[in-house]
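S.K.: Okay, handing you the structure first.
There are 2 protein chains.
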Amino acid sequence: MSLIVQKFGGTSVADTDHIRKVARRVVDTLEAGHRVAVVVSAMSGETNRLVALAREVGGEQPDPREHDVLVSTGEQKTIALLAMAIQGLGHPARSFLGSQIGMRTDTAHTRARIHSIDPRPILDVIETGGVPVIAGFQGIDEAGNITTLGRGGSDTSAVAIAVAIEADDCEIYTDVDGVFTTDPNLVPAARKLAGISYDEMIEMASLGAKVLQIRAVRFAMRYGVPLHVRSSFKPDEGTRVGREEEVMERLVVSGVTYNRDEAKIRMRGIKDLPGIAAKVFTPLSDAGIVVDMIIQNLSQDGTTDLTFTVPRDDYRRAVALAEEVGGELGATAVDRDEGIAKVSIVGLGMKDHAGVASRMFRVLADEGINIQLISTSEIKVSVVIEEKYTELAVRALHAEFLEEGATESTREA
Amino acid sequence: MSLIVQKFGGTSVADTDHIRKVARRVVDTLEAGHRVAVVVSAMSGETNRLVALAREVGGEQPDPREHDVLVSTGEQKTIALLAMAIQGLGHPARSFLGSQIGMRTDTAHTRARIHSIDPRPILDVIETGGVPVIAGFQGIDEAGNITTLGRGGSDTSAVAIAVAIEADDCEIYTDVDGVFTTDPNLVPAARKLAGISYDEMIEMASLGAKVLQIRAVRFAMRYGVPLHVRSSFKPDEGTRVGREEEVMERLVVSGVTYNRDEAKIRMRGIKDLPGIAAKVFTPLSDAGIVVDMIIQNLSQDGTTDLTFTVPRDDYRRAVALAEEVGGELGATAVDRDEGIAKVSIVGLGMKDHAGVASRMFRVLADEGINIQLISTSEIKVSVVIEEKYTELAVRALHAEFLEEGATESTREA
Chain A
273 MSLIVQKFGG TSVADTDHIR KVARRVVDTL EAGHRVAVVV SAMSGETNRL VALAREVGGE
333 QPDPREHDVL VSTGEQKTIA LLAMAIQGLG HPARSFLGSQ IGMRTDTAHT RARIHSIDPR
393 PILDVIETGG VPVIAGFQGI DEAGNITTLG RGGSDTSAVA IAVAIEADDC EIYTDVDGVF
453 TTDPNLVPAA RKLAGISYDE MIEMASLGAK VLQIRAVRFA MRYGVPLHVR SSFKPDEGTR
513 VGREEEVMER LVVSGVTYNR DEAKIRMRGI KDLPGIAAKV FTPLSDAGIV VDMIIQNLSQ
573 DGTTDLTFTV PRDDYRRAVA LAEEVGGELG ATAVDRDEGI AKVSIVGLGM KDHAGVASRM
633 FRVLADEGIN IQLISTSEIK VSVVIEEKYT ELAVRALHAE FLEEGATEST REA
Chain B
273 MSLIVQKFGG TSVADTDHIR KVARRVVDTL EAGHRVAVVV SAMSGETNRL VALAREVGGE
333 QPDPREHDVL VSTGEQKTIA LLAMAIQGLG HPARSFLGSQ IGMRTDTAHT RARIHSIDPR
393 PILDVIETGG VPVIAGFQGI DEAGNITTLG RGGSDTSAVA IAVAIEADDC EIYTDVDGVF
453 TTDPNLVPAA RKLAGISYDE MIEMASLGAK VLQIRAVRFA MRYGVPLHVR SSFKPDEGTR
513 VGREEEVMER LVVSGVTYNR DEAKIRMRGI KDLPGIAAKV FTPLSDAGIV VDMIIQNLSQ
573 DGTTDLTFTV PRDDYRRAVA LAEEVGGELG ATAVDRDEGI AKVSIVGLGM KDHAGVASRM
633 FRVLADEGIN IQLISTSEIK VSVVIEEKYT ELAVRALHAE FLEEGATEST REA
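First to last, the sequence lines map onto chains A and B.
The first sequence begins at 273 in this note's numbering and counts up one residue at a time.
The second sequence begins at 273 in this note's numbering and counts up one residue at a time.
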């Protein structure tokens, strides 16, 4: 008998039919002898509708405190409906708002961080045989104002609650079957991973796999909460996310990811003096623009080229800033390129296997794909390529590292 | 400079356009030098949508605690949006949930009664030049559960808040211009009353005029809070509701009301023994059915006829109970009649003017309308008639008592 946190995302509670199915799932778990605390998101589309309302009245930057009061109604609706649905199946259930489980956060409206949770109200319901149904995404600050954790914050709520009540497992239910070796829409041979480490999951999440919130994985890693990403609609096991030593399946490369949400800026002919990077990147950082990859290379004439990528949403602002700074630094040109993609391979096994990066480069070269930028970490290699080659690159890398016939050295049991 | 509570109902905040107009209205009041606390309902239709969702999942009797968690989101949306809109006009504003102003109620979910309010958070915002925007309809019980006050409860919230912060005035904004002498849809000559007493307003509200919640008027009367019912869409004065001595306009008859929501049951040939009424009405009361008018008359054969009216919604259940009890009491028949209407005249002046009732009966007789039941109080006379004569009766009574040419004795300055 385990104590399990089950978190259901927006598509899993999209309408009252789905909510009834989720209730069935929860009750099945109860009737299998487990104890369950449920965490839910807003019904899919609801948060977007509320944000749109806020913009209609409050413009592009609605008051953050009131924004949180507004959007937190989304989860409030779901908890009430799901509690009713579970009751309808003959089990006691009780909804909880963030405030009602003492989900204390800092005061950073729209992106608050969790400070503490009071496990008592949740455990009281569980101990009397009931199901607590908790609103994800929301909390309160010290003064009692409603706060929200930002997009995807419900995953983080679920992990934090699992920590607070010392749950054995934190199940994240979603509309996919688990974490895949790559995007199945792109590569039919993509397969579900049985297990993956926190570190790999974080790399894959930050590289574009959208199945789990990166903050939630970091939180889970910090407290050692085992995660289980699985489908709301199928009974099958999904993907377990845990410590490196707990991962059942250990591959050299666990996944191939891609991201088409970045754009590239190249500043040419800058005089190579100390402090150039700071001069270029401080204004971008001040403007809240997160720079991803950075490459600096010296030309033979003693000038330097600086190339970097930024999110496409921030591209125009970044170009304007780069041109301004470029002028000051004597840059001869500022080139722009929105037609790029970042393709990455991720895998814990890279730590122990040399030559993975060079195999990746060879595969891309064999396909005639030019590599524009490279960045690496202990467990991933990312390259920037021309956007039109994204599918080709992903398929080739997946075939090389993850499909039957991939060479022996790339796989371990 | 006054301290004013302004309450805006669902049609006044129907969409974001309306919410912006309400914000303008609030700001105009501020800029005229007053201090304002705002109380709002859910956007019109929202509560019905939420109740429908609850039924989809929870059936006809959804769990009342979860019902309240669900429907209270309606007002929460409005307060956030209206606070944003007021901010957009350059004035600070801050939303408050019931829980955030210590709106303590009993635990009677879906129809809770207010125990106390903490005026401090509201006054803190007002004293720093801001506008508190408070969710009507909702509160919390001692244990911190969300409660709701029942349909129309926002009026009651507004009055209670006016009491708590010692406001000079409580303005109830609605989609009509004020309280009318009768339904203007029925009688084009109907006119807006400048003033009306609490007692008259309560009679008119309970008799079918839907402009103000009866509970709110009782609450206002108890604490002497002056009410002002007025239009959200026009700047004109509406109708002031206050103590008898404060009412500017004093008419013998202030209004003609009608109600088609009742049905009539007649039990014939009951043996006339003591305790019959208790035997008949106790089961109805136990079933939560509110009986309105009751007439008992002795037949010449020593049996008794008992006639009474109940809300049409409870009609079938009431008939079943009456038939059961009728059998026990030896009733010879139980007649039913859903085709009735109750028409009433209300006016403080009746206290001092004899003959108002008989004038009413004569007017109806002149129109050939048969009176089935009569009930009277100090300030009203109600009759039950055949439903098809409703409009005719209302028009004739309005002409008699409230239009130009009505005899001198019916009007006083």
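Beta carbons: idealized from backbone N, C-alpha and C, even for Gly.
In the segment 416 to 466 of chain A, which residue ranges form an unbroken beta strand (DSSP E) of at least 3 residues, counting only runs that do not cross its ends?
M.R.: Here the runs fully enclosed are 418 to 420 and 441 to 446.
S.K.: Let me confirm a value: A:Met356 is counted as buried when at least 16 other C-beta atoms fall within 10 Å, else exposed. Which label applies?
M.R.: Result: buried.
S.K.: With respect to the beta strand (DSSP E) encompassing B:Tyr530, which residues constitute its N-terminal and C-terminal limits?
M.R.: Note, B:Tyr530: beta strand (DSSP E), Gly527 to Asn531.
S.K.: Residues of chain A with CB under 7 Å from B:Gln348, in chain order?
M.R.: Near B:Gln348 (Cβ distances below 7 Å), the residues of chain A are Val341 and Thr345.
S.K.: If you drop the 5 nearest sequence neighbours on each side, which residues of the same chain put their C-beta closer than 8 Å to that of B:Ala352?
M.R.: Correct list, in chain order: Ser367.
S.K.: From which residue to which residue does the alpha helix (DSSP H) around A:Phe633 run?
M.R.: Element bounds for A:Phe633: Val628 to Asp638.
S.K.: Answer yes or no: does any C-beta atom of chain A fall closer than 7 Å to that of B:Gln410?
M.R.: False, the Cβ-Cβ gap to chain A never drops below 7 Å.
S.K.: Take the Cβ of A:Ile291 as the centre, count every other Cβ of all protein chains shown within 10 Å, and call the residue buried at 16 or more, exposed below.
M.R.: Buried, because 16 or more other Cβ atoms sit within 10 Å of the Cβ of A:Ile291.
S.K.: Should A:Thr581 be labelled buried (16 or more other beta-carbon atoms within 10 Å of its own) or exposed?
M.R.: Flag for A:Thr581 reads buried.
S.K.: Any idea what DSSP makes of B:Met356, helix, strand or coil?
M.R.: In this structure, B:Met356 counts as helix in the three-state DSSP scheme.
S.K.: Taking any Cβ of chain B, which residues in the segment 383 to 407 of chain A have a Cβ under 8 Å from it, in chain order?
M.R.: Per Cβ criterion, the list is empty.
S.K.: Along the segment 318 to 330 of chain B, what residues have a CB closer than 9 Å to any CB found in chain A?
M.R.: Hits within the stretch, in order: Leu322, Leu325, Ala326, Glu328, Val329 and Gly330.
S.K.: Pick from A:Lys349, A:Leu523 and A:Thr575: whose alpha carbon is nearest that of A:Lys543?
M.R.: Among A:Lys349, A:Leu523 and A:Thr575, the Cα nearest to that of A:Lys543 is on A:Thr575.
S.K.: So, are the CB atoms of B:Val285 and B:Val294 less than 7 Å apart?
M.R.: Against a cut-off of 7 Å, the Cβ pair of B:Val294 and B:Val285 comes out as a contact.
S.K.: Does chain B have any CB closer than 7 Å to the CB of A:Glu338?
M.R.: True, the Cβ-Cβ gap to chain B drops below 7 Å.
S.K.: Within the continuous beta strand (DSSP E) that includes B:Lys652, where are the two ends?
M.R.: Per DSSP, B:Lys652 belongs to the beta strand (DSSP E) from Lys652 to Glu658.
S.K.: Check the Cβ of A:Asp335 against every Cβ in chain B and list those closer than 8 Å, keeping chain order.
M.R.: Simply Ala355, Met356 and Gln359.
S.K.: Give a yes or no on whether 7 Å exceeds the smallest Cβ distance from B:Thr301 to chain A.
M.R.: No, B:Thr301 lies away from the interface with chain A (no Cβ there is under 7 Å from its Cβ).
S.K.: Examine chain A for any beta-carbon lying closer than 7 Å to the beta-carbon of B:Ser367, and answer yes or no.
M.R.: So yes, B:Ser367 belongs to the interface.
S.K.: Closest Cβ-Cβ distance between A:Ala314 and chain B: below 7 Å?
M.R.: For A:Ala314, the answer is no, since every Cβ of chain B falls outside 7 Å of its Cβ.
S.K.: What's the gap between the Cα of A:Val483 and the Cα of A:Leu458?
M.R.: About 16 Å.
S.K.: Determine the direct distance from the alpha carbon of B:Glu600 to that of B:Ile474, and round the result to whole angstroms.
M.R.: If you take the alpha carbons of B:Ile474 and B:Glu600, they lie about 38 Å apart.
S.K.: Run through DSSP, which three-state label would B:Gly541 get?
M.R.: If DSSP states are grouped into helix, strand and coil, B:Gly541 belongs with the strands.
S.K.: How would you write the range of the alpha helix (DSSP H) that A:Phe553 sits in, first residue to last?
M.R.: Counting along the chain, the alpha helix (DSSP H) containing A:Phe553 begins and ends at Ile548 to Asp558.
S.K.: Please determine, among B:Gln410, B:Leu354 and B:Asp440, the residue with the shortest C-alpha to C-alpha distance to B:Pro404.
M.R.: Ranking B:Gln410, B:Leu354 and B:Asp440 by Cα distance to B:Pro404 puts B:Leu354 first.
S.K.: Determine contact between the segment 528 to 544 of chain A and the segment 489 to 507 of chain A, defined as no fewer than three beta-carbon pairs at a distance below 8 Å.
M.R.: The segment 528 to 544 of chain A, when compared against the segment 489 to 507 of chain A, does not touch it at the 8 Å Cβ threshold.
S.K.: CA-CA distance, A:Ala550 and A:Leu499?
M.R.: The alpha-carbon atoms of A:Ala550 and A:Leu499 are separated by roughly 39 Å.
S.K.: Rank A:Ser313, A:Gly305 and A:Arg376 by C-alpha distance to the C-alpha of A:Thr283 and give the top, closest one.
M.R.: When only C-alpha atoms are compared, the closest one is A:Ser313.
S.K.: B:Gln372 touches chain A at which residues, Cβ-Cβ below 7 Å?
M.R.: Under the 7 Å cutoff, chain A gives Gly416.
S.K.: Does A:Ala309 have its Cβ less than 7 Å from a Cβ in chain B?
M.R.: Judged by the 7 Å Cβ criterion, A:Ala309 is not in contact with chain B.
S.K.: So, is the C-beta of B:Ala352 closer than 7 Å to a C-beta in chain A?
M.R.: Closer than 7 Å to some Cβ of chain A, the Cβ of B:Ala352 qualifies, so yes.
S.K.: For a contact meaning CB atoms closer than 8 Å, what does B:Thr419 contact in chain A?
M.R.: Chain A residues near B:Thr419: none, gap ~13 Å exceeds 8 Å.
S.K.: Does the ligand MG have even one heavy atom less than 6 Å from the beta-carbon of B:Glu472?
M.R.: What this structure holds is no ligand at all, so the ligand MG is not there to describe.
S.K.: Identify the residues that DSSP records as bridge partners of B:Arg327: which are they?
M.R.: Looking at the DSSP assignment, B:Arg327 forms no beta bridge with any residue, so it has no partner.
S.K.: Can you tell me whether B:Val562 is buried or exposed, with buried defined as 16 or more other CB within 10 angstroms of its CB?
M.R.: It is exposed - the Cβ of B:Val562 has fewer than 16 other Cβ atoms within 10 Å.
S.K.: To the nearest angstrom, how far is it from the Cα of B:Glu680 to the Cα of B:Arg631?
M.R.: A caution first: B:Glu680 carries a pLDDT of 43, below 50, which makes its placement in the model unreliable, though a value can still be read off. Approximately 14 Å, taken between the alpha carbons.
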